[in-house]
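For this note's numbering, add 1 to where a residue sits in the sequence shown, where the first one is 1.
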Amino acid sequence: MAGAVIRIAIDADRCQGHARCAVRAPELFDVDDDQGKSLALMETVPPELADAAAAAVETCPERAISLHDE
Ligand code: SF4
Numbered sequence: 002m003a004g005a006v007i008r009i010a011i012d013a014d015r016c017q018g019h020a021r022c023a024v025r026a027p028e029l030f031d032v033d034d035d036q037g038k039s040l041a042l043m044e045t046v047p048p049e050l051a052d053a054a055a056a057a058v059e060t061c062p063e064r065a066i067s068l069h070d071e
């Protein structure tokens, strides 16, 4: 049985670009130098990166990252 697909959403209005997410989960996030906003490097979270994705959500002080089960 396949597990749930987890999709990453970043609220650009909240994101302040300080890159805590990219430090915590570099496989999943990078900060666009021009925009000063975080980018999701993957649309969905592979199972092996689920903990890293959750840690990135926790580390974002702006609450800009959310994860959505599909
Ligand atoms: S930690 Fe949050 S506010 Fe900072 S760059 Fe990442 S998503 Fe944006």
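Even for Gly, the Cβ is constructed at its ideal location relative to N, Cα and C.
Notebook entry, point to check: Who are the near neighbours of Cys61 in its chain, counting only those whose CB is closer than 7 Å to its CB and skipping five residues on each side?
Noted result: Arg21 and Cys22
Next item on the list: Quick one: residues in its chain with C-beta nearer than 6 Å to the C-beta of Ser39, no 5 flanking neighbours on either side, listed in chain order?
Entry: Ile11, Cys16, Cys22, Phe30 and Val32
Check: When burial is assigned at 16 or more other CB atoms within 10 Å of the CB, is Ala26 buried or exposed?
Finding: By the 10 Å Cβ count, Ala26 comes out buried.
Margin query: Less than 7 Å separating the Cβ of Arg21 from some heavy atom of ligand 1?
Written below: Within the chosen limit of 7 Å, ligand 1 reaches the beta carbon of Arg21 through at least one heavy atom.
Margin query: By the three-class DSSP mapping on this structure, what secondary structure does Arg8 have?
Written below: strand
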